[in-house]
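Chemist: Can you keep this structure in mind? I'll have questions shortly.
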Amino acid sequence: MLRPDTLYRTAWAFVCLILILLLLIYWSLYKRKRVFFQQKSFRDGFEEWLSELMMEEEEDEGSAELPAIPEKFTKHFKNPVKRQFAVDILMDLKKSVSGSLGDNIINLYLQLGFKDESVRKLRSRKWYEQVKGINELSVMKQEDSYSRIFKFTNDRNIYVRREAQTALFSFSGFGGLRFLNVLTYPMSEWQQLNLIEQLRPLNPEPMPGIPRWLRSDNDTVVLFALKLAEIYQCFEVHDDVAHCLQHKDEKIRNQAVKTLREISNETTAALLCDHYPTESLRNKINILNNLNAIAGDEQLPFLVKELDNENEFLKLGAGRVMINCCSQGLEVLEAKAAEQPVPFGDIYNHLIYEIQR
Amino acid sequence: MNWVIDIVQILALGVFIYSLLLFAFYVFIGVISIGETNKYMHQNEVTDYRVIASSVHAPSVTIIAPAYNEGLTIIDNVRSLLSIYYYNLEVIIVNDGSKDDSLQQLIDTYQLEKTEFFIPHQIPTKPVKGVYKSRSSVFRKLVVIDKENGGKADALNVGINMASNDYVICIDVDCILEQDAILKMVKPFMEGVSERVIASGGVIRIANSSVVQNGSLVKVRLPKEYLPRMQTLEYIRAFLLGRMAWSRLNGLLLISGAFGAFDKEIVIACGGYSSKTVGEDMELVVRMRRYMEERKEPYKVTYIPDPLCWTEAPTSYKVLGRQRNRWIRGTYETLKLHRKMFFNPRYGLLGMLSYPYWFFFEMMGPIIEFFGFMTFVIMVFAGFVDWEIFLPLLAVIVSFNYLYSVFAIYMEVKTYNQYKRKTDVTKLLLTSLSEPFNFHPFIVWSSMKGFLNVVRKRHTWGDMVREGFEKTIS
């Protein structure tokens, strides 16, 4: 192996690879630059035509037919890169407008035959192609693809099912939640937040599935249902949510506490205090943070006991709830601070400063 | 004398096998990083980060930036941090007993007042002299802590004690973060379903010669000076190839102290940063991983390849040498502290692959190279060198080094393409030519001085002299 000719051959092989990479580097830079300028000229022309078209349509709202597409664009559309580029422009435009202008963009998308391409992407074996296809159909409101996309909501690939779930919301708002009935794969917190933010601008609708989702075998479905119950203040599921305090998953118990605060009744504060001793440190802090909104004088003995907890975060949390929620809280803490200035003097000053701010 | 020749031959064979393994690792890292980078780029095509930027339901994040004698740039740096696009954000600046007027500048500019603040002592630290908050609601996210000098690790620990949010991002105060840096760093923590994401690292890029305006990077330029340009190449190789591959394997041991995000609960459970080592960033990650492994809890340390954080690289050999001296001491101290994991199957991939890789190639590499070179010099003078073998062997090693550098530049061009001009890419390629003969030997030499400091039990950090970024008139 250590023969000079073998070594020289190896070095030459490396040099050849270097040369190939150098060619690829400069080719990539050249291609990138060329594509940039070509796309820029195409983009400028296409966008100008689109804006003229949109303005004409706005003035002439009754017309259903779109004018013929100029030949210079149909020629460009034979190139798949430019077709995709045109789809991307239409998508960006669709996201920023609504009403009849939005409908015109959809008509144009259909007239240019881009939908077929989006559907073809759904059949691709590459996950990122499928994601792109779902995204295009969803932005362009192709509701006839609903059942086809629904199948993807429980796809093995996380990105595909994520995009499909998002698409359902885009098609039917709260109705899109029905995928939770069949979801067996986990739903990340990132996806949950995306879906919550997608629902936010919509008018709230009843969610009869929540009790069922709260008992789902899929922990992430339970977590998501708890978040929905918190945001949309579903008081009717108070007992189901309270049941989740016994869940084995710490995140679910944590979220259940937050949800209970939003849908609390006269029993909730006591319920949380009873549950408190069995919890992890993180959830104890969480319970104290949430008791701050719902506790009353009945919780004062529990809070006074917590002042003696070894953990300083818990001392501070208990002191905060006492001051904010118990009529005698301030006096009790003041007396404790006088009796034991370290650390209660600092805690007292800290909480007074908080109130003043 | 036969036995001497036998020993030399055995040593030569050992070094040869070592080199082959190193080559194999580099190839393996290169191949894996391609797949991981492609996957990340495709993921990002349809990810809308703006959704969580303004969401009240997004995870809460605290940025912690220790500052020591940063009076020259502190105001711009804090302004840059406060302009970051994220709703649930708190920015904690820890003034670690600066001797300059950093604190007074902050008080004057951001209308700070001393507050009564109780800091729970979850991690032991040096005493805190005061906690400051702004009277103006514009700067409501800002908290400034003034404390006795205790070093970077101690300052970070104070920030962690004070942080009111679930995730902490520890940065160097002079770093410039991209506007979407927090959004991208938080995402991995929200993606972990079957495994808890305990830490996430981001790419550090060199900002020398780039244009900075109001604490934000407005124009990326390739450094004009040789040393920062060489480090640009080095960082591209390390971040775009090395860390990307280790992240794929879930074997990442190091998240740069200049920019890293952590699950606060785990950091506190592990006892925070250690003041006993100069490599506190690596040591914390190793300790967090060890903690999770010992509890048999599934976890992950992730890594973001986007260029999110820009920093100033040393421009002189003196400062660069001090930095590398510290890095190798940090590596040594961390590996020594956690030697229990060395080839210990109880720690899975961490004990069987990550730790041994760092031990043999990152820590032992400079020693083997240094003694190899010394042996070579002796052999030249003794006339023992077989030039017929040596020259082609050198050609293989040098050409492989160039190949790896060119491949890293290719990956950069294909992905983030920060240096768009052909002349910049050409300069970067030409810079790589001198690396094996100039930059690399210097790094090895600095590392050897680091080992010497270990033997002499010297435990200093060494100052980083900042020259400041190129600024435009705003």
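Chains as they are written, first to last, in this note's numbering: chain B, 1 to 357; chain A, 1001 to 1474.
Don't be surprised by glycine CBs; every beta carbon is placed ideally from N, CA and C.
Just so it is clear, the structure is predicted and the values come from calculations on it, not from any experiment.
1. Is there at least one Cβ from chain A nearer than 8 Å to residue 232(B)'s Cβ?
2. Does the region 1125 to 1145 of chain A come within contact of the region 1194 to 1207 of chain A, defined as at least 3 CB pairs closer than 8 Å?
3. Name the two residues that bound the continuous beta strand (DSSP E) containing residue 220(B).
4. Excluding five sequence neighbours on each side, which residues of the same chain lie with their C-beta closer than 6 Å to the C-beta of residue 303(B)?
5. Roughly how many whole angstroms lie between the Cα atoms of residue 18(B) and residue 27(B)?
6. Return no unless some Cβ of chain B is closer than 8 Å to the Cβ of residue 1410(A).
7. Output the distance between the C-alpha atoms of residue 125(B) and residue 108(B), rounded to the nearest integer angstrom.
8. In angstroms, rounded to a whole number, what distance separates the CA positions of residue 1473(A) and residue 1214(A)?
9. Just to make sure I have the definition right: I need the residues of chain B whose C-beta is within less than 8 Å of the C-beta of residue 1045(A). Which are they?
10. How would you list, in chain order, the residues of chain B whose beta-carbon sits under 8 Å from the beta-carbon of residue 1400(A)?
11. In the DSSP assignment, the alpha helix (DSSP H) including residue 1398(A) goes from what residue to what residue?
12. At 4 residues or longer, and completely inside the region 257 to 341 of chain B: list those alpha helix (DSSP H) runs for me, N to C.
13. Pull out every residue of the region 273 to 305 of chain B whose Cβ sits closer than 7 Å to any Cβ of chain A, in chain order.
14. Do you know offhand how far residue 161(B)'s Cα is from residue 181(B)'s?
15. For residue 16(B), is the classification buried or exposed, using 16 other Cβ atoms within 10 angstroms of its Cβ as the cut-off for buried?
16. What residues match up with residue 1090(A) in a beta bridge as DSSP calls it?
17. Compare the C-beta of residue 1395(A) against all C-beta atoms of chain B and say whether one is closer than 8 Å.
18. With residue 150(B) and residue 137(B) assumed to form a contact (beta carbons below 8 Å), what rounded beta-carbon distance in angstroms separates them?
19. According to DSSP, which residues form a beta bridge with residue 1095(A)?
20. Is the separation between the beta-carbon of residue 1228(A) and that of residue 1152(A) shorter than 8 Å?
21. Out of 104(B), 111(B) and 91(B), point me to the one whose CA is closest to residue 74(B)'s CA.
22. With a threshold of 7 Å on Cβ separation, who are the neighbours of residue 1369(A) within its own chain once the five nearest residues in sequence on each side are excluded?
23. Counting C-beta neighbours from all protein chains within 10 Å, is the total for residue 1380(A) 16 or more, i.e. buried, or is it exposed?
24. For residue 338(B), decide whether its Cβ has a neighbour in chain A, counting only Cβ atoms nearer than 8 Å.
25. So within the region 1180 to 1244 of chain A, which uninterrupted alpha helix (DSSP H) runs reach at least 4 residues, ignoring any that extend past its ends?
26. Using a C-beta to C-beta distance shorter than 7 Å, which residues of chain B count as neighbours of residue 1042(A)?
27. Near residue 194(B), which residues of its chain fall below 7 Å by C-beta distance, leaving aside the five closest residues on each side in sequence?
28. Can a CB atom of chain B be found closer than 8 Å to the CB of residue 1338(A)?
29. Note down, in chain order, all residues in the region 1177 to 1190 of chain A with a beta-carbon under 7 Å from any beta-carbon belonging to chain B.
30. If you measure from the beta carbon of residue 210(B) to each beta carbon in chain A, is any gap under 8 Å?
31. Do you know whose CA, among 77(B), 131(B) and 203(B), lies nearest residue 158(B)'s CA?
32. Straight-line CA distance for residue 1323(A) to residue 1235(A)?
33. Give me the Cα-Cα distance between residue 1142(A) and residue 189(B), rounded to the nearest whole angstrom.
34. Give, in chain order, every residue of the region 171 to 191 of chain B whose Cβ lies closer than 7 Å to some Cβ of chain A.
35. By alpha-carbon positions, which one of 1437(A), 1404(A) and 1087(A) ends up nearest to residue 1373(A)?
36. Which of helix, strand or coil does DSSP assign to residue 147(B)?
Modeler: The answer reads as follows:
1. no
2. no
3. Taken as a continuous stretch (DSSP letters only), residue 220(B) belongs to no beta strand (DSSP E), being part of the alpha helix (DSSP H) at 219 to 231.
4. 318, 321 and 322
5. 14 Å
6. yes
7. 28 Å
8. With a pLDDT of only 37 at residue 1473(A), under 50, the local geometry of the prediction cannot be trusted, and the value read off the model is given with reservation. One C-alpha to the other measures close to 9 Å.
9. 128, 131 and 132
10. 14
11. 1387 to 1414
12. 268 to 275, 281 to 294, 300 to 306, 312 to 325 and 329 to 339
13. 282
14. 14 Å
15. exposed
16. 1062(A)
17. yes
18. Rounded, the Cβ-Cβ distance is 12 Å, inconsistent with contact.
19. 1067(A) and 1146(A)
20. no
21. 111(B)
22. 1444
23. exposed
24. no
25. 1181 to 1191 and 1226 to 1235
26. 128
27. 166
28. no
29. 1187 and 1190
30. no
31. 131(B)
32. 14 Å
33. 27 Å
34. 186, 188, 189 and 190
35. 1437(A)
36. helix
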